[in-house]
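Counted the way the numbering used here counts, the sequence shown spans residues 90 to 254.
Here is the structure we will look at.
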Amino acid sequence: MKRILVIGCPGAGKSTFARALRDRTGLPLWYLDQIWHRPDRATVSRAEFDARLTGLLRGDAWIIDGNYLRTLELRLRAADTVFLLDYPTGVCLEGARARIGTKREDLPWVEEEFDPEFRQWIEDFSRDQLPEIRRLLEQYGEGREVHVFHSRAEADDWLRTFPGV
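Now the structure itself:
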């Protein structure tokens, strides 16, 4: 387990899970949100994002946190381990609500409100994103360690029993 993806709906706790993995493995952790966004919330170009991501994927060991469906196939090809946090929409909505107003390692700004567009993205995730994520996992899962958690308790239990590397 040296090249790890952590994916799932916004608000599921991907970043929290990825930090726990980083702390147990010592692997470098990269947040796709920090690659895509500048501190002023502007985004970089797709070419700049893709070039930086491609550089990261060449590394021997990493944890990458984030969905960014457009580049998931590329990341799956490079990964040896995938964690999908496949939680109910209500859990993800509550997770996103809970982080409002808090400074986070994975975002270069503090979210001050629960943006209605972001809320809709979460509500539509299981319909619009999850089927494609599952399809790609089916296509690229062979030869990779794939863990799908359906609750925070499942993920926490796995972390408790994981000895690290």
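C-beta: ideal position from N, C-alpha, C; glycine also.
Which of helix, strand or coil does DSSP assign to residue i?
| i | result |
| --- | --- |
| PHE238 | strand |
| GLY179 | helix |
| THR302 | As displayed, the chain neither begins before 90 nor continues past 254, which places residue 302 out of reach and without an answer. |
| GLY144 | helix |
| ARG233 | coil |
| PHE203 | coil |
| ARG92 | strand |
| PHE138 | helix |
Cβ atoms of residue j and residue i: under 7 Å apart, would you say?
| i | j | result |
| --- | --- | --- |
| CYS98 | PHE214 | yes |
| TYR176 | ASP154 | no |
| GLY253 | THR105 | no |
| ASP169 | ARG111 | no |
Under the assumption that residue i contacts residue j (Cβ atoms under 8 Å), give the Cβ distance between them as a whole number of angstroms.
| i | j | result |
| --- | --- | --- |
| LEU116 | ARG108 | That pair is no contact at about 11 Å. |
| ALA244 | LEU165 | Not quite, the Cβ-Cβ distance comes to about 20 Å (not below 8 Å), so this is no contact. |
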